[in-house]
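Novice:
Residue numbers (our numbering), protein chains in the order written: chain X, 37 to 477; chain F, 3 to 517.
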């Protein structure tokens, strides 16, 4: 692919320039993105956007000092100028004993094809027609659907290359396609909005396609109508899979090297300690074909690996890159840039079983606000969902908050479902937590 | 739609600084000579450097209008930005970023076609224009209006490059002073992270309606984040500030010490915090950054795109009461030096002061050109975009509540059992249902008319059209945030400001853990 060839040339140019200006080592990441996004609303095109962007980022090291730069201009002559200035700036940073590239022996040696590149044979015009049909179908589902925020179709090809002065260079072509439908329903003067989406590397992975997201968006939006507040009380809380992934995201943040060495996480000093019930396993699988989080090497060129973060409820690994590993006196876990395709174990039950098991409590389907404090684990967020009693959904609820502490919430997970949302790099079913405080009326 | 404090940071401005800030205000308008200088700089940056002429721009616009379009524009942007990071007593890293490109937009009624390019030469412009205009059929009759450059422009900030206002050595020393100041506050401070960043933005807009305008926009920010540890318990605190000027702003008086002290105070106070209550309570919001409430409860819901599409809970409420009579809320892009201020928006329209709610009655909304035309109104100068690679949409600038009659003592004294929120992390809103939240970062109980124990961070939730009806008291001291707000909408981030005096809300749901 000519894009990859062009990027490799830019990267080699940048690395050579870094050496020329005296850097002891350097690494460069560069990417080109190419695609479109259309939004259709009320039966007409609202926006048609063409994307063709590019960027290059370089970090130079002078012994233990470093400086970095990013630019949108990847022409060779411009690259040399920016590398020169970033090398000048490195004189003003200070010696950091932990700074540097990842160890050369950790570089990925084999770069298996993870099957991430599947251009979608769809033109913007075809996407518009599909989106119009999708919106029409959704609006016909129920006459209370009075308005739409639109149906969106995005298809992007991305070419990214990473290289460093250990001689490592890795190129990844990938594609990402997504469709989404967002609707507004009205009843007794009260408006509610909800949506559905699908995202995949291969358009064949948009399971059910436009019809499915139209129906699901309509169903979700209608179900929200007539929502009520709840009284303030302590009850079990069931996080539907689409919000449950937030819990695992908080776990990843809390065990990330950056938060650990900064003493900014409630999971400091918890390695090899139980933080979940023993049935909970959490692992990453970077080699999943077509996976949204698949990668054979991390952002430092380190070979990724399948590994358990949580095994039998016990924290087995932190999430480290080479810098944070050195800060903690450990080895990188090949997680520069984050985790790759996270899988959460389940107990073979579906959402309906979990609702039944909960008996009486709150099913949460959307969370808003930033109320998560990693240093203490304190958790307090706005919630939308359904009130459950006698093992059945009773009515929609909104304008309430749920609060607790992540450490307690993790320790008191009662069950995890198999109802995984396929459209995320975090694969989790719904999660039932023993008890949280609901604030409402 | 959400608002938060950039990276690590935020908030309340001391009155002392506010006064100094106003003294610094450069309220004399930029004369035609000044405008010509800014335009010349933009032309050199984008046109001369790429062998483009004014005629080339007009020819690209004309080619767009050969399709059935109402409007087309070209937006050129170059942004130099840098950041310096101090951690563990050392300057750990610095980043320099140079981004440049041109966005080409074609508009017909509700439809928009858009393409952008990081190359700014004629063939790239033509290619982007060919893509953008596919939104409309051939056979357009609209003509490009000859360019009219502005004759006067408010002087809200100096057209300078903040990256050059201190030497690299001085930037490094500034961060070390922040580190020392934070550690000097209290022996329980174990971690200090300080971040200095600056941005120098040059924009040029040429639109088919005749607009030919340029702006040079400086923006600086200084944040400090601390961790405190005491007997095994740990807490964090943040503070930061900034404005549209050079870095010398941070050298004045005791600003470094004040930022460091504010961050350490927040952390230490949270060390002794008790569980926050759960349920309905009277709530007092402090002056300044806690105006996140306004930004979420009414600000986003009054952005013109949501009003036109009737997706906002406020869409049908114009002329009606949506807040108590003590509330007058404005969006004002013309405040001198403020983070959310702009001489012109990203469509080349001069910004203005727009009254959104007057004495509780909904009177106005924030518009860009496209929504203004569809609603048969004039743009209010709120068309903003994150960059050349994003479409302009209606966005807030500086949104604030005008002062009322009460002193802080009267407001706090009126409450038997409630909470006082001195500082917040950020907020979020669902503009359709009107439900919004904000999260506290420094808050206390109010018991029998007195501020008492600090409480743990909690999220508060309310409904926009109802919450403002419950504002019963407005304080007499207007304060603005310290200049670190970042607002997110449709995947685009822009700097904004908020402000308010202290306010009392009779009842809101507090999301604590204690019943």
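Glycine is no exception: its CB is placed at the ideal position from the N, C-alpha and C atoms.
In chain F, which residues lie with their C-beta within 8 Å of the C-beta of residue 540/X?
Specialist: Missing from the structure shown is residue 540/X; chain X here goes from 37 to 477 and no further.
Novice: Got a sec: is the Cβ-Cβ distance from residue 441/X to anything in chain B below 9 Å?
Specialist: Any reference to chain B falls outside this structure, whose protein chains are X and F.
Novice: Measuring CB to CB, does residue 362/F end up less than 9 Å from residue 317/F?
Specialist: Not a contact, by the Cβ cut-off of 9 Å.
Novice: Please work out which residues of its chain come closer than 8 Å, Cβ to Cβ, to residue 479/X, disregarding the five sequence neighbours upstream and downstream, and give them in chain order.
Specialist: Look at the range of chain X in this structure, 37 to 477, and you will see that residue 479/X is not part of it.
Novice: Taking Cβ positions, are residue 229/F and residue 298/X nearer each other than 9 Å?
Specialist: Contact flag set, yes.
Novice: If you scan the stretch 288 to 356 of chain F from start to end, which runs of the alpha helix (DSSP H) of 4 or more residues do you find wholly inside it?
Specialist: Taking only runs of at least 4 residues, the alpha helix (DSSP H) segments lying wholly in the stretch 288 to 356 of chain F are 306 to 310.
Novice: From 46/X, 218/X, 106/X, 456/X, pick the residue whose C-alpha is nearest to that of residue 386/X; which is it?
Specialist: Looking at the Cα atoms, 456/X is the closest of the given residues.
Novice: When the Cα atoms are used, what is the spatial distance from residue 160/F to residue 247/X?
Specialist: Their Cα atoms are separated by approximately 54 Å.
Novice: DSSP beta-bridge partners for residue 494/X?
Specialist: Absent from the model: residue 494/X. The displayed extent of chain X is 37 to 477, so no value can be given.
Novice: Given a cut-off of 9 Å, decide if residue 248/F and residue 164/F are closer than it, judged by their beta-carbon atoms.
Specialist: Cβ atoms of residue 164/F and residue 248/F: closer than 9 Å.
Novice: In three-state terms, what does DSSP make of residue 479/F?
Specialist: Correct three-state label for residue 479/F: coil.
Novice: Going by other Cβ atoms of all chains shown within 10 Å of its Cβ, with 16 needed for buried, is residue 500/F buried or exposed?
Specialist: So residue 500/F ends up on the buried side.
Novice: Check residue 200/X in the structure and name its three-state DSSP category.
Specialist: In this structure, residue 200/X counts as strand in the three-state DSSP scheme.
Novice: Would you report the Cα separation of residue 472/X and residue 406/X, rounded to the nearest angstrom?
Specialist: Spanning the two alpha carbons is a distance of roughly 17 Å.
Novice: Can you find a CB in chain X that lies within less than 9 Å of the CB of residue 6/F?
Specialist: Taking Cβ atoms only, chain X reaches closer than 9 Å to residue 6/F, which makes this a yes.
Novice: Under a Cβ-count criterion, where at least 16 other Cβ atoms within 10 Å of its own Cβ denotes burial, should residue 24/X be classed as buried or exposed?
Specialist: Absent from the structure is residue 24/X, since the part of chain X shown begins at 37 and ends at 477.
Novice: Quick check: is the beta carbon of residue 183/X nearer than 9 Å to any beta carbon in chain F?
Specialist: Yes, residue 183/X counts as interfacial toward chain F.
Novice: Check whether the stretch 395 to 403 of chain X and the stretch 350 to 369 of chain X touch, using three or more Cβ-Cβ pairs below 8 Å as the test.
Specialist: These segments do not touch.
Novice: Just mark residue 278/X as buried or exposed, buried being the case when its beta carbon has 16 or more other beta carbons within 10 Å.
Specialist: Buried.
Novice: Identify the contact partners of residue 81/X in chain F, using a Cβ-Cβ distance below 8 Å as the criterion.
Specialist: Per Cβ cutoff of 8 Å: 113, 137.
Novice: Given that a residue counts as buried once 16 or more other Cβ atoms are within 10 Å of its Cβ, and exposed if not, what is residue 150/F?
Specialist: The residue in question, residue 150/F, is exposed, as its Cβ has fewer than 16 Cβ neighbours within 10 Å.
Novice: Which residues share a DSSP beta bridge with residue 86/F?
Specialist: According to DSSP, which records beta bridges pairwise, residue 86/F is partnered with 96/F, 198/F.
Novice: Is there at least one Cβ from chain F nearer than 9 Å to residue 272/X's Cβ?
Specialist: No, residue 272/X lies away from the interface with chain F (no Cβ there is under 9 Å from its Cβ).
Novice: Let me know the secondary structure DSSP gives residue 77/X once reduced to three states.
Specialist: Three-state DSSP puts residue 77/X in a strand.
Novice: When DSSP labels each residue in this structure, what does residue 121/X get in the three-state scheme?
Specialist: Note: residue 121/X maps to helix in three-state DSSP.
Novice: What residue range is occupied by the uninterrupted beta strand (DSSP E) comprising residue 464/F?
Specialist: It spans 461 to 465 - the beta strand (DSSP E) in which residue 464/F sits, taken as one unbroken run.
Novice: Do residue 160/X and residue 136/F have their CB atoms nearer than 9 Å?
Specialist: In this structure, residue 136/F lies closer than 9 Å to residue 160/X by Cβ.
Novice: Check the Cβ-Cβ distances between residue 438/F and every residue of chain X, and say whether any is below 9 Å.
Specialist: Interface residue, yes.
Novice: Among residues of its own chain, excluding the 5 on either side of residue 427/X, which ones have a beta-carbon nearer than 7 Å to its beta-carbon?
Specialist: Excluding sequence neighbours, residue 427/X sits near 391, 392, 395.
Novice: Please name the residue in 55/F, 190/F, 295/F whose C-alpha comes closest to that of residue 441/F.
Specialist: Measuring from the Cα of residue 441/F, the nearest candidate turns out to be 295/F.
Novice: Is the beta carbon of residue 189/X less than 9 Å from the beta carbon of residue 214/X?
Specialist: Yes, the Cβ-Cβ distance between residue 189/X and residue 214/X is below 9 Å.
Novice: Give a yes or no on contact between the stretch 402 to 413 of chain F and the stretch 290 to 304 of chain F, applying the rule of three or more CB pairs nearer than 8 Å.
Specialist: Touching, yes, given that three or more Cβ pairs across the two stretches are closer than 8 Å.
Novice: In the DSSP output, what is residue 403/X paired with across the bridge?
Specialist: In the DSSP output, where bridge partners are listed per residue, residue 403/X has 419/X.
Novice: Applying a beta-carbon distance threshold of less than 8 Å, which residues of chain F neighbour residue 477/X?
Specialist: Here the neighbours are 281, 282, 511.
Novice: Just to confirm, is the Cβ distance from residue 286/X to residue 380/X under 9 Å?
Specialist: Cβ atoms of residue 286/X and residue 380/X: not closer than 9 Å.
Novice: Ignore the nearest five residues each way along the sequence and tell me which others in residue 498/F's own chain have a CB closer than 6 Å to its CB.
Specialist: Counting only Cβ-Cβ distances below 6 Å, and skipping sequence neighbours, we find 342, 398, 487, 489.
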